[in-house]
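Chains as they are written, first to last, in our numbering: chain F, 622 to 1147; chain P, 182 to 433.
Ideal placement from N, C-alpha and C gives every residue a C-beta, glycine not left out.
Keep in mind the model is a prediction, meaning the values are calculated, not measured.
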Amino acid sequence: MRLATAALSLAAAVSAQVPYERILEARKEPHNWLTYSGTYDGQRYSSLNQIHAGNVKKLGVAWVQQSGATEPTQTSPIVVDGTMYITEPPNVVKALDALTGTVIWTYKKTIPDDLRLCCSRVNRGVAVLDDMVYYTSIDAHMIALDAKTGRVRWDVSFGDHKLGYSSTNAPLAIKGKVITGVGGGEYGIRGFVDAYDAKTGKRLWRTHTVPARGEPGVETWAGKSYESGSGSTWVTGSYDPVNNLVIWGVGNPGPDWNGDVRKGDNLYTDSFIALDGGTGEMKWFYQFTPHDTHDWDATQVPVLIDGTFRGQPRKMVATANRNAFYYVLDRATGKYLHAKPYVKQTWARGIDDNGRPMMLPGTDPTVEGNLLYPSLAGGTNWFSPSWSPKHNLFYVPVREEGAYYYKGEAEFKPGALFNGGGQRSNPAEEPYGAIRALETDSGNLKWEFRMKTQASAGILSTAGDIVFSGTGQGDVIALHAATGELLWKFKGGGGVIAAPVTYLVGGKQYISLAVGRALFAFTLVE
Amino acid sequence: MAVHGQDEKKKEEVVLPTASEDLERGKKLYDGSCQLCHGPLGDGGKGANLAQAKLPRAQTDGDLARVIEIGIPGTEMPGAWHMTRREVTQVAAYVRTFGKTTREAAPGDAGRGRSLYFGKGGCQGCHTTKNPEGVLAGGLMGPDLSVIGSRRSVAHLREALVDPGASLPDYFMDTTVSMKSGGKINGRRLNEETFTIVVQDYGGKVHVIDKTNVAEVVKDRKKSPMPSYGGKLSASEIDDVVSFLVSLQEAR
């Protein structure tokens, strides 16, 4: 029986085709997981409810896929009709049978050994469209693979790795195009969002996140500081098909911790930007942290919500930003609607009616070190949040921690680190983490689940009233979506630095999440 | 994101700056990033004594710059990844000024200190040191002291004897776990996770405790099970023990 279903799912994989229309309507096929966040809206919510609050205690391991790499697995799997597509560090894409974990094919990119990376050779997943799988490699190439065989269809470079350009994000596939951001914010790169022709790999548009001389916004950069302004875009954005808007988060200005050399607001760093899907033209932007000196990238997944705001129906973008505030914006215009801190912060008195933070004095890094909340890793970071339409709650993985921020020298040399300082932790304090549930329109705390260490994993919420996530010390956890009560846990034995997904194959629902260097699939066991 | 440098760490000639602006800048950087462990004059605290003419791990200026840049893996000495190369050399130049002033010498008699350590002090009951054959011997409640003289300053060693709770090493946290059922476990925290805490009580027994059975966890960052020797040993005996500890050096 088991063999027969495995064979069936393989057969299904061979004929899998994922036209744009299927991704657009991904909500209608909850047995699949078709984009990084599951759906274009970035909600990481599933209507599957075979696994629910009442039976989740019976979850057990169905299979494990080990990577053999030294870096952790951070992939968020894609699942199409019984086939799963994942990435593994430092350069691997795999297709697996989603039922058994059997490897169908493996692709390995040849990567250079003179990479310039701030962090490590990680990757967060692929995109699918029609009969292709799209992958961005650590050396900033976009690669299209044949979904059935893993053979390369095209491979284009989108940045010079010797200058610090890199990539870790899962691309985003929309109609006829595949979109990616770029990493390298610690190297003074010039950030952008790119769109490629899905069939040929021809670049269709590139929108820079830092203006050039003569372009609007360049006046927010003192002198020629825009030439090394960074503004990386290293986390997958969301897509609003109604307005044809690609909404993407932009990272910190360069150098990170020394703002003296780049006086001004430093547009469009630390912003959400909304780009026309057809042309890449910037339709709106909202900057969370003007003139950031704390590395507070706005590279979080924008969560697109059709809900109610102050009693009125409203199309919103919600996000918990690295700077410690939860924000609600208008989706069509980017207009600021509301903000509220979701973790301890000591840098702003609040956000004014125009959406500009009211800065407290003395918050800049100093040569001697200046204690400030949150730390440079932020109140949250790139870890996916989740929004449940069923509970109208925004779930965010948080880090409660301050740090002493240093200001250092900042001299730009192409291809060299361009930090201008850093941080050290506060020895007087044990930091901690939590999963917090916020009310969508107010950001008020509904519940929290405390963890010993700062959060590092993303969140999945389901119609089975469950919130899935993980801890920095290797626990996979299931919480009640309405109350935060712990329903189930599993010791995976490695920090969880990835986001869970769910799918259905052979009539059974699975939860898949990477723990340490291995990808796990869980299902109900008798 | 956090940054870890990756190249330019190869052996190379390093020339430390000598201009007064560089030393001033080096001092500021030192005060911000190093003083916490090495003390304001480089001679005190959790970190090694830097007020020596020859630093065992940093004999050449190149080694010194490298130690500062990447830290000493496996110890509490962190890498200063947030500094540029020039800043590293400025700090290094400032560190070298410590070696030119005479540090607080170990004032006692190491031989007598040795007798006190193994005799009246009862230190061996809680600490390991290497015996003449190079074999670790002693009790396990306190840290290994085999090379403590290379790691800690005179001031810190004296403080450890007189006021043990004043500056605890990172790995030591006195923890009291009150169980819902009523009992209490007091000892050193070996590990703590979201659902579990592991405590070794001062009798040596290890407890793996499910937090759902726990009413309260109290951590005391200022409490050490080591008795204060301020009243137990005379001032000159303390000097002797400190001198003995200073003589426990890493083989070079």
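Within this structure, are the beta carbons of residue i and residue j separated by less than 8 Å?
| i | j | result |
| --- | --- | --- |
| residue 937 of chain F | residue 949 of chain F | yes |
| residue 297 of chain P | residue 414 of chain P | yes |
| residue 963 of chain F | residue 939 of chain F | no |
| residue 720 of chain F | residue 1126 of chain F | yes |
| residue 751 of chain F | residue 639 of chain F | yes |
| residue 872 of chain F | residue 811 of chain F | no |
| residue 229 of chain P | residue 327 of chain P | no |
| residue 329 of chain P | residue 426 of chain P | yes |
| residue 861 of chain F | residue 952 of chain F | yes |
| residue 1091 of chain F | residue 1134 of chain F | yes |
| residue 669 of chain F | residue 1084 of chain F | yes |
| residue 1099 of chain F | residue 1089 of chain F | yes |
| residue 694 of chain F | residue 1140 of chain F | yes |
| residue 826 of chain F | residue 920 of chain F | no |
| residue 805 of chain F | residue 817 of chain F | no |
Which residues share a DSSP beta bridge with residue i?
| i | result |
| --- | --- |
| residue 959 of chain F | F:949 |
| residue 754 of chain F | F:749, F:766 |
| residue 1008 of chain F | F:1015 |
| residue 390 of chain P | P:378 |
| residue 348 of chain P | Residue 348 of chain P pairs with nothing; no bridge assigned. |
| residue 354 of chain P | Bridge partners of residue 354 of chain P: none, in fact. |
| residue 892 of chain F | F:908 |
| residue 934 of chain F | F:929 |
| residue 791 of chain F | Note: residue 791 of chain F sits in no beta bridge, so no partner. |
| residue 1132 of chain F | F:1123, F:1143 |
Using CA coordinates, which residue listed in the options is at the minimum distance from residue i?
| i | options | result |
| --- | --- | --- |
| residue 273 of chain P | P:195, P:327, P:409, P:390 | P:195 |
| residue 1026 of chain F | F:1070, F:1037, F:995, F:1005 | F:995 |
| residue 765 of chain F | F:877, F:676, F:730, F:705 | F:730 |
| residue 753 of chain F | F:787, F:956, F:821 | F:821 |
| residue 799 of chain F | F:858, F:1037, F:833 | F:858 |
| residue 362 of chain P | P:299, P:268, P:393, P:346 | P:393 |
| residue 717 of chain F | F:769, F:757, F:737 | F:769 |
| residue 377 of chain P | F:1095, F:1103, F:1140 | F:1095 |
| residue 743 of chain F | F:701, F:791, F:1040 | F:791 |
| residue 275 of chain P | P:263, P:389, P:221, P:256 | P:221 |
| residue 701 of chain F | F:652, F:671, F:695, F:677 | F:652 |
| residue 1030 of chain F | F:1038, F:1024, F:1023 | F:1038 |
| residue 972 of chain F | F:1128, F:688, F:1010, F:907 | F:907 |
| residue 1054 of chain F | F:1081, F:1002, F:867, F:896 | F:1002 |
| residue 407 of chain P | P:320, P:210, P:240 | P:320 |
| residue 418 of chain P | P:402, P:343, P:432 | P:343 |
| residue 956 of chain F | F:1076, F:672, F:974, F:713 | F:974 |
| residue 211 of chain P | P:278, P:309, P:369 | P:278 |
| residue 868 of chain F | F:1142, F:886, F:828, F:749 | F:828 |
So with Cβ pairs under 8 Å, would you call residue i a contact of chain F?
| i | result |
| --- | --- |
| residue 356 of chain P | no |
| residue 196 of chain P | no |
| residue 200 of chain P | no |
| residue 423 of chain P | no |
| residue 190 of chain P | Caution applies to residue 190 of chain P, whose pLDDT of 44 falls short of 50 and renders its modelled position unreliable; the value that the coordinates give is listed next. For residue 190 of chain P, the answer is no, since every Cβ of chain F falls outside 8 Å of its Cβ. |
Determine the chain F residues that contact residue i at a beta-carbon separation under 7 Å, and present them in chain order.
| i | result |
| --- | --- |
| residue 267 of chain P | 1030 |
| residue 264 of chain P | 1029 |
Below 7 Å on C-beta distance, what does residue i contact in chain P?
| i | result |
| --- | --- |
| residue 989 of chain F | 209, 212, 213 |
| residue 1094 of chain F | 374, 375 |
| residue 1073 of chain F | 373, 374, 375 |
At a Cβ threshold of 8 Å, is residue i touching chain P?
| i | result |
| --- | --- |
| residue 830 of chain F | no |
| residue 879 of chain F | no |
| residue 883 of chain F | no |
| residue 1110 of chain F | yes |
| residue 1045 of chain F | yes |
Can you pull the chain P neighbours of residue i, defined as C-beta to C-beta under 8 Å?
| i | result |
| --- | --- |
| residue 744 of chain F | What residue 744 of chain F touches in chain P: nothing, since even the nearest Cβ is about 15 Å away. |
| residue 1042 of chain F | 263 |
| residue 665 of chain F | Neighbours of residue 665 of chain F on chain P: none; closest Cβ ~21 Å, over 8 Å. |
In chain P, which residues lie with their C-beta within 9 Å of the C-beta of residue i?
| i | result |
| --- | --- |
| residue 975 of chain F | Going along chain P, no residue has its Cβ under 9 Å from residue 975 of chain F, so there is no contact; the nearest lies around 30 Å. |
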